[in-house]
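To start, the structure itself, in structure tokens.
Chains as they are written, first to last, in my numbering: chain A, 118 to 412; chain B, 85 to 406.
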């Protein structure tokens, strides 16, 4: 043990770790928002609710079918992603020709429905989700104690984020996606099924949120309001980073998580608001956002 | 927003004025008779929310700006006027003025930041700033945290009229509501309002015509925030309570819902919408969390099927302007 700026190293690195964990969720969620916005031109307000649904899907899989963490990590995103595909096919599809704001209002309504249903069914109190045995315990690094599960969350979300970046920026499928974002009519004329791509993109973005939800389940309690609190912070993250760049969303997400963690150590009263304050400063200095184009 | 073609654009303006005047007279008549038929307290609360929704509608309906954080001005005005009346012993008119100014100042600060980005980002910025101020309200000492500010004295208006009398209070709230409503009507039909509508229809063209659109948007934002503040301050005096509910994000969502149900960009829509939503909340108080689900269903239904809202659909059917 040693001290940095009068703070015990254990506390400092502990908060840094929590910051990185929060940052992984910010990155995963803002990445999903950016991917959806790119293709659908809609801000998915229900993203937080779908994150919550991922956590509840994992909880229910464990309670009723005895499927543990690892199967849930695959199954929950698929299940929630399917509900996303149904939403896109039955509702969002009718809004593409209207102003963007209608998409925001519709998904806000959906978020209320999902959160309300979850509260009716499970109450407002959080439900615990037990850690898988394989990820219990931790490593003593000398200057801090590193729980295995938290290390896994950071590594896994980095892999998923960078994987998404790779698919979109470096593969043929990603090239189609980017082309359809720029000019859907032209891409359609070349024989590519753009409406199906849009549907699958929304499903994928929603699945990313659910994936984050499953990973969050053992750390935070599984509760109906876990998403609505988070999504507003993620909106601020998106405003800071701008939605133009995938890598930008990932960097901003992790970076802000760390800054928030450090604020908890040095100035705890401001830890709830620091991201919003940074947003205000960024708007003053660089209105388009750190990685964004004006718009 | 979806452009609704004005059905009367080629008809004489006298008819348009008529339909609005008739609706206005009907509204006043209903509000004068109503306290003898139902609870005045409920009506006063509904009028505060109606003014709040009208203020919000000024932005979304006439400038095309979706502010998803209007609870910020409503809630903070409510806190400041409650505190002024309780701790500083302000008379009600001064307390309400304090709240209105609070709304205007906060609107100036938040608006100056938010208009730096357009469209979807504008909505996210206003929401995030409102959430930041929610946390400030949660941590600040004077707001009373989870308890809020309770037992706010209604006081005597101008030192003459005792507002503990329910009917006196009702008349004051009705006067404030009508003044705010007519002020908004005047803004919309002024040359300034025409520029706002031009910005809503095509901002780039308004800029090319030489209008400094950012300034117009900021002034509209401050006016809307001040009126939302007036509504929040009045609510604090009427209900003698300012609490975290008024400043939290579900309140921002509720005012969007009220305006959407009534009709975005219609003059009477927000009033109708807020009465409907409040009646619904009272009737459904027993079913608890289902209110959230029902609100969500109304949102989805309105966006998919009734984008004009109740008043907008009615005006469209009758080919009149409301």
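Positions of the beta carbon are idealized from the N, C-alpha and C atoms, including for glycine.
List the residues that DSSP assigns as beta-bridge partners of residue 432 (chain A).
Because residue 432 (chain A) is not part of the residues shown, which for chain A are 118 to 412, the question remains open.
For the alpha helix (DSSP H) that contains residue 199 (chain B), what are its first and last residues?
Sequence index remark: in the second chain, residue 199 (chain B) carries index 115 (1-based). Premise fails: residue 199 (chain B) is in no alpha helix (DSSP H) and is neither H nor E.
What number of angstroms, rounded off, separates the C-alpha of residue 403 (chain B) from the C-alpha of residue 351 (chain B)?
Translated into positions along the second chain, residue 403 (chain B) becomes position 319. Translated into positions along the second chain, residue 351 (chain B) becomes position 267. In a straight line, the C-alpha of residue 403 (chain B) is about 15 Å away from that of residue 351 (chain B).
Which residues in chain B have a C-beta closer than 7 Å to the C-beta of residue 217 (chain A)? List them in chain order.
On the first chain, position 100 is the one that residue 217 (chain A) refers to. 203 and 204, listed in chain order.
Is the CB of residue 395 (chain B) under 9 Å away from at least one CB in chain A?
The residue labelled residue 395 (chain B) in the question sits at position 311 within the second chain. Not an interface residue.
Considering only their Cβ atoms, is the gap separating residue 152 (chain B) from residue 227 (chain B) smaller than 9 Å?
Here residue 227 (chain B) refers to the residue found at position 143 when the second chain is read from its first residue. Here residue 152 (chain B) refers to the residue found at position 68 when the second chain is read from its first residue. For residue 227 (chain B) and residue 152 (chain B), no; Cβs fall outside 9 Å.
Under 7 Å Cβ to Cβ from residue 375 (chain A), same chain only, skipping five residues before and after it: list those, please.
As a first step, residue 375 (chain A) must be located in the first chain, where it is residue number 258. Excluding residues within five positions, the ones whose Cβ falls inside 7 Å are 133, 136, 137 and 140.
Using only CA atoms, which one of A:321, A:386, A:395 and A:364 lies nearest to residue 373 (chain A)?
The sequence position of residue 373 (chain A) within the first chain is 256, counting from 1. Of the candidates A:321, A:386, A:395 and A:364, the one whose C-alpha sits nearest the C-alpha of residue 373 (chain A) is A:395.
Report buried or exposed for residue 129 (chain A), applying the criterion of at least 16 other Cβ atoms within 10 angstroms of its Cβ.
Translated into positions along the first chain, residue 129 (chain A) becomes position 12. Buried, since its Cβ has 16 or more Cβ neighbours within 10 Å.
Excluding five sequence neighbours on each side, which residues of the same chain lie with their C-beta closer than 6 Å to the C-beta of residue 412 (chain A)?
Taking the first chain and counting its residues from 1, the one referred to as residue 412 (chain A) is at position 295. With a pLDDT of 40 at residue 412 (chain A), under the threshold of 50, the predicted position of this residue should be treated as unreliable, and no value is reported.
Comparing alpha-carbon positions, which option in B:175, B:218, B:179 and B:154 lies nearest residue 192 (chain B)?
For the purposes of this step, residue 192 (chain B) is taken as residue 108 along the second chain, with counting starting at 1. Out of B:175, B:218, B:179 and B:154, B:154 has the C-alpha closest to the C-alpha of residue 192 (chain B).
Three-state secondary structure (DSSP) at residue 339 (chain A)?
For the purposes of this step, residue 339 (chain A) is identified with residue 222 of the first chain, where counting begins at 1. In the structure shown, residue 339 (chain A) sits in a strand (DSSP, three-state: E or B).
When the Cα atoms are used, what is the spatial distance from residue 287 (chain B) to residue 280 (chain B)?
As a first step, residue 287 (chain B) is located in the second chain; it is residue number 203 there, counting from the start. As a first step, residue 280 (chain B) is located in the second chain; it is residue number 196 there, counting from the start. The straight-line gap from Cα to Cα measures roughly 9 Å.
Among B:185, B:364, B:204 and B:104, which residue has its Cα nearest to the Cα of residue 308 (chain B)?
The residue labelled residue 308 (chain B) in the question sits at position 224 within the second chain. Cα-wise, what sits closest to residue 308 (chain B) is B:185.
Using the beta-carbon count (16 or more within 10 Å), is residue 366 (chain B) buried or exposed?
For this step, residue 366 (chain B) is matched to residue 282 along the second chain. Exposed.
At 8 Å on the CB atoms, spell out the chain A contacts of residue 387 (chain B), in chain order.
By 1-based counting over the second chain, the position of residue 387 (chain B) is 303. For residue 387 (chain B), the chain A residues whose C-beta falls within less than 8 Å of its own C-beta are 212, 219, 222, 223 and 226, listed in chain order.
I want to verify the contact list: residues of chain B whose CB lies under 8 Å from the CB of residue 236 (chain A), in sequence order.
On the first chain, residue 236 (chain A) is found 119 positions in, with the first residue counted as 1. From the beta-carbon of residue 236 (chain A), the residues of chain B found nearer than 8 Å are 373 and 376.
Within its chain, find whatever has a CB closer than 6 Å to the CB of residue 296 (chain A); leave out the 5 residues flanking it on each side and keep chain order.
Here residue 296 (chain A) corresponds to residue number 179 of the first chain, with the count starting at 1. 304.
Could you pull out every unbroken alpha helix (DSSP H) segment of at least 4 residues lying fully inside the region 276-364 of chain A, listed in chain order?
Taken in chain order, the complete alpha helix (DSSP H) segments of 4 residues or longer contained in the region 276-364 of chain A are 289-299, 301-306, 311-333 and 343-358.
Tell me the DSSP secondary structure of residue 127 (chain B) in three-state form.
For the purposes of this step, residue 127 (chain B) is identified with residue 43 of the second chain, where counting begins at 1. Helix.
At 7 Å on the CB atoms, spell out the chain B contacts of residue 389 (chain A), in chain order.
Along the first chain, one-based indexing puts residue 389 (chain A) at 272. Correct list: 219.
Under 9 Å between the Cβ atoms of residue 223 (chain A) and residue 388 (chain B)?
Taking the first chain and counting its residues from 1, the one referred to as residue 223 (chain A) is at position 106. Taking the second chain and counting its residues from 1, the one referred to as residue 388 (chain B) is at position 304. Yes, these two residues count as a Cβ contact at 9 Å.
Could one say the Cβ of residue 208 (chain B) lies closer than 9 Å to chain A's Cβ atoms, at least one of them?
Position 124 of the second chain, counting from 1, holds the residue named residue 208 (chain B). True, the Cβ-Cβ gap to chain A drops below 9 Å.
Over what stretch of residues does the alpha helix (DSSP H) that includes residue 343 (chain B) continue unbroken?
The residue labelled residue 343 (chain B) in the question sits at position 259 within the second chain. Unbroken alpha helix (DSSP H) run through residue 343 (chain B): 333-346.
By Cβ distance below 7 Å, which residues in the same chain neighbour residue 417 (chain B) in space, the five residues on each side in sequence not counted?
Look at the range of chain B in this structure, 85 to 406, and you will see that residue 417 (chain B) is not part of it.
Against chain A, does residue 391 (chain B) count as a neighbour if the rule is that its beta carbon must be under 9 Å from one of theirs?
Reading the second chain from its first residue, position 307 is the one you call residue 391 (chain B). Cβ-Cβ to chain A under 9 Å: yes for residue 391 (chain B).
Taking 8 Å as the cut-off, is the CB of residue 372 (chain B) close to at least one heavy atom of the ligand MN?
The ligand MN is not part of the structure shown, which contains no ligands of any sort.
Between residue 202 (chain A) and residue 317 (chain A), what straight-line distance do the alpha-carbon atoms span, to the nearest angstrom?
If you number the first chain from 1, residue 202 (chain A) lands on position 85. If you number the first chain from 1, residue 317 (chain A) lands on position 200. When rounded, the distance between both Cα atoms is 7 Å.
What residue from A:378, A:365, A:307 and A:382 has the CA that sits closest to residue 407 (chain A)'s CA?
Start at 1 with the first residue of the first chain, and residue 407 (chain A) comes out as number 290. The option with the nearest alpha carbon to residue 407 (chain A) is A:365.
In whole angstroms, give me the CA-to-CA distance for residue 217 (chain A) and residue 265 (chain A).
Along the first chain, read from residue 1 onward, the residue named residue 217 (chain A) stands at position 100. Along the first chain, read from residue 1 onward, the residue named residue 265 (chain A) stands at position 148. One C-alpha to the other measures close to 42 Å.
Determine which residues share a DSSP beta bridge with residue 240 (chain B) and list them.
Position 156 of the second chain, counting from 1, holds the residue named residue 240 (chain B). For residue 240 (chain B), which the question treats as bridged, DSSP gives the partners B:246.
Quick one: grab the DSSP three-state call for residue 326 (chain B).
Working through the second chain from its first residue, we reach residue 326 (chain B) at position 242. It is a strand residue.
Out of B:384, B:135 and B:131, point me to the one whose CA is closest to residue 115 (chain B)'s CA.
By 1-based counting over the second chain, the position of residue 115 (chain B) is 31. It is B:131 whose Cα lies nearest to the Cα of residue 115 (chain B).
Output yes if chain A places a C-beta closer than 9 Å to the C-beta of residue 215 (chain B); else output no.
Within the second chain, numbered from 1, the residue matching residue 215 (chain B) stands at position 131. Closer than 9 Å: yes.
Are residue 312 (chain B) and residue 206 (chain B) closer than 9 Å when you measure CB to CB?
Position 228 of the second chain, counting from 1, holds the residue named residue 312 (chain B). Position 122 of the second chain, counting from 1, holds the residue named residue 206 (chain B). Contact: no.
Return helix, strand or coil for residue 407 (chain B), following the three-state DSSP convention.
Any answer about residue 407 (chain B) is impossible in this case: the structure gives chain B only from 85 up to 406.
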